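First the structure, in the form of structure tokens, and then the observations on it.
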Amino acid sequence: MKKTIANGKFDSTIVFAKRFLPKNRWGDYMSSLFTFVQYQGRFPNRKAGGDLNDFLFSIKTSKEILNPLRVFVSDKQHLKLFVKATIGDSYNVPTDAVLSSYEEALSYSYPKDCVIKPTHMSGEVIFRRAGSSVDFTKVASWFNSNYYNWTREANYKSLKPKIIVEPFIFGADNCDDYKIFCIRGQPRLIVVDTERQTSHRRNLYTTDWTFLPVELACPPGKDLPKPQNLEEMLRLAGELSRDFSFMRVDLYSNGNDILVGELTNCPGDARDTFEPKENAPIITKLLFDHN
């Protein structure tokens, strides 16, 4: 569960500063620093020996976040081109439509069952089932939003607002989501999200599928059986992340087929904490002790 420092005047100062800091790299750094202190309760460790959040803070506040390939794959439409070129188009979720304006979004004839997402943001989605109405107020807000302004993740700053429409994968809106944390193309940690739309649970595993007694942002569920295609998922994650110092590769699988969801540059915006804190070094060791 996310925790913040909330001691009145200090917390209000952080919120004010983040809102009015200039939209440049200095402002991005200061905003990110305030956010880090607010959520982690400490300053980032800029030296060797830090944890995942220190590493993500370094990526977010350096030139690395502006790597053109990082920017390119942050766009959900463009990501599919990268996936096609790297591992093949069969691993992409099919696309029903890409809508480049609010007017296009209003006039489009949506499938009765579909998933609607902004290509230029993270974590936003509309599930349409059985011809239910589309929340066009939310769609309009997407076209008027720059995700960079919320998080100061500069890889989103130049992305053009668009909407992508996709079918439900594997015929469900609640399929398991495998998030594979990779360091220089090497899978190191697996996070599995289940029951996303009901009672969200998240389990952490080593790459050989050993359950880890660590909580990340939401409670764990029951221990899950090792996927039959785990080795294939790890191979694909390695290929998709090989050009980056760090990348989280988000995959969907039904046990047989595999589809790519996203490539995530800064998971949780360096805000999430591993609980209990005394077990957090387990994650640091898994991620970084191979180097």
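Plus 54 on top of the position in the sequence shown (first one is 1) and you've got the working numbering. By construction, the Cβ of each residue, glycine as well, lies at the ideal position given by its N, Cα and C atoms. As the structure is a prediction and not an experimental result, all values here were calculated from the model.
- Item | First and last residue of the uninterrupted beta strand (DSSP E) at MET301 | Locating residue 301 in the sequence shown gives position 247, counting from the first residue. 300 to 307 is the span of the beta strand (DSSP E), which, as asked, contains MET301.
- Item | Beta-carbon gap between ALA324 and PHE90 smaller than 8 Å | For the purposes of this step, residue 324 is taken as the residue at position 270 of the sequence shown. For the purposes of this step, residue 90 is taken as the residue at position 36 of the sequence shown. Closer than 8 Å, so yes.
- Message: So for PHE88, helix, strand or coil by DSSP?
- Response: Along the sequence shown, read from residue 1 onward, the residue named residue 88 stands at position 34. Shown here, PHE88 sits in a helix according to DSSP, grouped into three states.
- Query: Any idea what DSSP makes of GLU220, helix, strand or coil?
  - Reply: Counting from one through the sequence shown, the residue named residue 220 turns up at place 166. DSSP places GLU220 in strand when its eight states are reduced to three.
- Query: Between which two residues does the alpha helix (DSSP H) containing PHE109 stretch?
  - Reply: Position 55 of the sequence shown, counted from the first residue, corresponds to residue 109. Start and end: 106 to 114.
- Which of the three DSSP states, helix, strand or coil, is assigned to ALA151? To locate residue 151, count along the sequence shown from 1; it is residue 97. In this structure, ALA151 counts as strand in the three-state DSSP scheme.
- Task: Sort PHE74, CYS236 and GLN131 by Cα distance to ASP143 and report the nearest one.
- Result: Walking along the sequence shown from the start, residue 143 turns up at place 89. Out of PHE74, CYS236 and GLN131, GLN131 has the C-alpha closest to the C-alpha of ASP143.
- Query: Any idea what DSSP makes of TYR232, helix, strand or coil?
  - Reply: Residue numbering aside, residue 232 sits at position 178 when the sequence shown is read from its first letter. It is a strand residue.
- Task: State the Cα-Cα distance for the pair PHE17 and SER86, rounded to the nearest angstrom.
- Result: In the structure as shown, the chain begins at 55 and stops at 345. Residue 17 is therefore absent and cannot be evaluated.
- Ordered along the chain, which non-local residues of its own chain (more than five positions away) have a Cβ less than 6 Å from that of ILE234? As a working mapping, residue 234 is identified with position 180 in the sequence shown. Contacts found: PRO241, ILE244, ALA291 and VAL303.
- Query: If you draw a straight line from the C-alpha of PRO330 to the C-alpha of ASN107, how long is it?
  - Reply: As a position in the sequence shown, residue 330 is number 276, starting the count at 1. As a position in the sequence shown, residue 107 is number 53, starting the count at 1. If you draw a straight line from the Cα of PRO330 to the Cα of ASN107, it comes to about 15 Å.
- Please confirm whether THR327 and GLN94 have their CB atoms less than 8 Å apart. Working through the sequence shown from its first residue, we reach residue 327 at position 273. Working through the sequence shown from its first residue, we reach residue 94 at position 40. Contact: yes.
- Item | At least three beta-carbon pairs within less than 8 Å, the stretch 251 to 262 to the stretch 305 to 315 | The way I'd put it, the stretch 251 to 262 doesn't touch the stretch 305 to 315; fewer than three beta-carbon pairs between them come closer than 8 Å.
- Query: Is the stretch 208 to 224 close to the stretch 161 to 170, with three or more CB pairs under 8 Å?
  - Reply: Yes: at least three Cβ pairs fall under 8 Å.
- Message: Applying the 10 Å Cβ sphere with the 16-neighbour rule, what's the burial state of THR115?
- Response: Translated into positions along the sequence shown, residue 115 becomes position 61. Label assigned to THR115: buried.
- Item | Length at least 3, wholly inside the stretch 273 to 339: the beta strand (DSSP E) runs in chain order | For secondary structure counted as the beta strand (DSSP E) over 3 or more consecutive residues, the stretch 273 to 339 holds these complete runs in sequence order: 300 to 307 and 312 to 318.
- Message: With DSSP as the reference, identify every bridge partner of THR248, one or two as the case may be.
- Response: What you label residue 248 is simply residue 194 of the sequence shown in a count that begins at 1. Its beta-bridge partners are ARG255.
- Query: Should VAL193 be labelled buried (16 or more other beta-carbon atoms within 10 Å of its own) or exposed?
  - Reply: Stepping through the sequence shown from its first residue, residue 193 is reached at position 139. Buried is the call here.
- Pairwise C-alpha distance: ILE119 and GLU319: Counting from 1 along the sequence shown, the entry for residue 319 is found at position 265. Counting from 1 along the sequence shown, the entry for residue 119 is found at position 65. Note on identity: in this sequence residue 319 is Asn, with Glu being the wrong assignment. Our two residues, ASN319 and ILE119, have alpha carbons roughly 8 Å apart in a direct line.
- Under a Cβ-count criterion, where at least 16 other Cβ atoms within 10 Å of its own Cβ denotes burial, should THR205 be classed as buried or exposed? The residue given as residue 205 occupies position 151 in the sequence shown. So THR205 counts as buried.
- Query: CA-CA distance, GLY322 and THR173?
  - Reply: The residue labelled residue 322 in the question sits at position 268 within the sequence shown. The residue labelled residue 173 in the question sits at position 119 within the sequence shown. Approximately 18 Å between the Cα atoms of the pair.
- Item | Distance, ARG124 Cα to LEU213 Cα | For this step, residue 213 is matched to residue 159 along the sequence shown. For this step, residue 124 is matched to residue 70 along the sequence shown. Using only the alpha carbons, I get a separation of about 12 Å.
- Task: Please report the residue range of the beta strand (DSSP E) in which LYS77 lies.
- Result: Counting from 1 along the sequence shown, the entry for residue 77 is found at position 23. Where LYS77 is concerned, there is no enclosing beta strand (DSSP E), given that its DSSP letter is neither H nor E.
- Message: Which residue wins for smallest C-alpha separation from TYR145, given the options ALA151, VAL137 and ALA208?
- Response: Looking up residue 145 in the sequence shown gives position 91. Closest option to TYR145, Cα to Cα, is VAL137.
- Pull up the distance between the alpha-carbon of GLU293 and that of LEU317, whole angstroms please. Here residue 293 refers to the residue found at position 239 when the sequence shown is read from its first residue. Here residue 317 refers to the residue found at position 263 when the sequence shown is read from its first residue. Answer to the nearest angstrom: the Cα atoms are 12 Å apart.
- Pick helix, strand or coil for ASN146, following the three-state DSSP scheme. Translated into positions along the sequence shown, residue 146 becomes position 92. Looking at ASN146 - three-state DSSP - the assignment turns out to be strand.
- GLU157 classed as buried or exposed, judged by whether at least 16 other C-beta atoms fall within 10 angstroms: Numbered from 1 along the sequence shown, position 103 holds the residue referred to as residue 157. By the neighbour-count rule (16 or more Cβ atoms within 10 Å), GLU157 is not buried but exposed.
- Query: Looking only at C-alpha atoms, which of VAL147, TYR210, PHE181 and PRO148 sits nearest to MET175?
  - Reply: Translated into the one-based positions of the sequence shown, residue 175 becomes position 121. Of the listed residues, the one whose Cα sits closest to MET175 is TYR210.
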